[in-house]
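Structure first, commentary second.
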Amino acid sequence: MEAVEAWFVENAGRWVSGAEIGRLFGVTRSALWKYVRRLEEKGYRFETAPRRGYLLADAPDRLTEADVLSRLDTRVFGRQLLCLEESPSTQDVAAAWIREGAGEGAVVVADRQSAGRGRMGRSWHSPPGTGLWFSVILKPNIPVYRIPQLGLVTAVALCRAVRFLAGVSAALKWPNDLLVGDRKAAGILLESSAEDERVRHVVVGIGVNVNADPDRFPEPIRHTATSLSKEAGRRLSRAELLAGFLGEFERMYELYLTEGFEPFRTLWDAYSATVGKRVAVRTADRTVKGVALGLDPSGALEIRLEDGTVERVVSGECEQCREAEG
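Sequential numbering of the sequence shown, starting at 1, is according to full-length UniProt numbering.
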């Protein structure tokens, strides 16, 4: 039935009868009706009328290997590319691909995830045709303690790409969330493997709400999340956004490998929505409250406590309050 989908796209904007489609593809009207319902679940929007048939009024943004590769300007990132219609989680597919020999910069992207996951074991809402749900394989020769820095490097690259391609004032919430205004538009998850305190690989999982309607988000996130198209006031090309991000990510990653984390302290502070805010960071065993000052040379968040002392936090869940006074 993929041929029917392609035919609808080619004939978008004109009425076509069920009988005409039946003759062309040898399908019954009942089977066609069921297939149109499936296409609507993927994001297609049809108009229907008696004796006129179907009119494809709107089609979801396509995300195929050809669409992405034709836009890439990278040396390595995305040159090994696997585009899936559906996956439980691109993180799991990428991990399996590594065992089969996938190289650094290989990318797995899915139109839909049935079991997408974010940080702290949370699920990630990943409906079809509306977002970028993908994983990038990295194989940096760095010690294990530097892994969190890669999340910050990724966040900087994503923020720069979104600002340029979507034209929105994206900002970074520590450690790895992308905000537009005060709402979350993207998140980053790092999963890694190491041996003898050296990194073997890191799978960087990224979820971006691109063309989703926030009013249709599940209730727990409806009032805290947004999409790039909502903020930009226009639909965006997912293929263009993915290719653009991979180009920026490759440049930032190569800078990190050659010059270390220091250049990213300044970049992260420039894009930060956290610095200067009163925060409460929940770690594994406690909650640290105070004013976020910025990143230290290792990438840890420095927080000035009420008594004036400064405490470092390497990882945790950050709740931002208001601008600090004075």
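We put the beta carbon where it would ideally sit given N, CA and C, even for glycine.
Per DSSP, the beta-bridge partners of T287 are R282. Of the candidates S17, G26, F134, the residue whose Cα lies closest to the Cα of Q91 is F134. Inclusion of G290 and V279 in the CB contact set at 9 Å is warranted, their separation being smaller than that value.
In this structure, H125 is the residue among H125, S229, G316 with its C-alpha nearest to the C-alpha of E219. Taking K42 as the centre and dropping the five residues before and after it, the same chain places the C-beta of P60, P128, G129 closer than 7 Å to its C-beta, in chain order. The three-state secondary structure of Q113, taken from DSSP, is strand. In the DSSP assignment, E240 falls outside any beta strand (DSSP E) and within the unbroken alpha helix (DSSP H) covering 238-259.
Residue pairing by DSSP puts I303 in a beta bridge opposite A292, E311. When A243, T48, L255, V210 are compared, the shortest CA-CA separation from G233 is found for V210.
Here E104 really is in contact with L138; their C-beta atoms are around 6 Å apart, less than 8 Å.
Between the alpha carbons of L82 and V109 lies a gap of roughly 6 Å. Approximately 21 Å separates the beta-carbon atoms of E195 and G205; this is outside 8 Å, ruling out the contact. Remark: C-beta atoms of E20 and G53 approach each other more closely than 9 Å.
In the assembly as shown, S229 is a buried residue. Its beta-carbon has 16 or more other beta-carbons within 10 Å. Residue Q149 holds the alpha-carbon nearest to the alpha-carbon of S298 among V68, D307, A212, Q149. Going by DSSP, Y54 is part of no alpha helix (DSSP H) but of the beta strand (DSSP E) stretching over 53-58. The residue among R235, Q80, A225 with its C-alpha nearest the C-alpha of G181 is A225. In the same chain as F217, and ignoring 5 residues on each side of it, the C-beta atoms closer than 6 Å to its own belong to A225, in chain order.
Here DSSP, grouped into helix, strand and coil, assigns F134 to strand. For S87, the beta-bridge partners assigned by DSSP are Q113. Within the segment 181-244, the complete beta strand (DSSP E) segments of 3 residues or longer fall at 183-195, 198-209, listed in chain order. By the neighbour-count criterion, in which 16 or more other beta carbons inside 10 Å mark a residue as buried, E317 falls on the exposed side.
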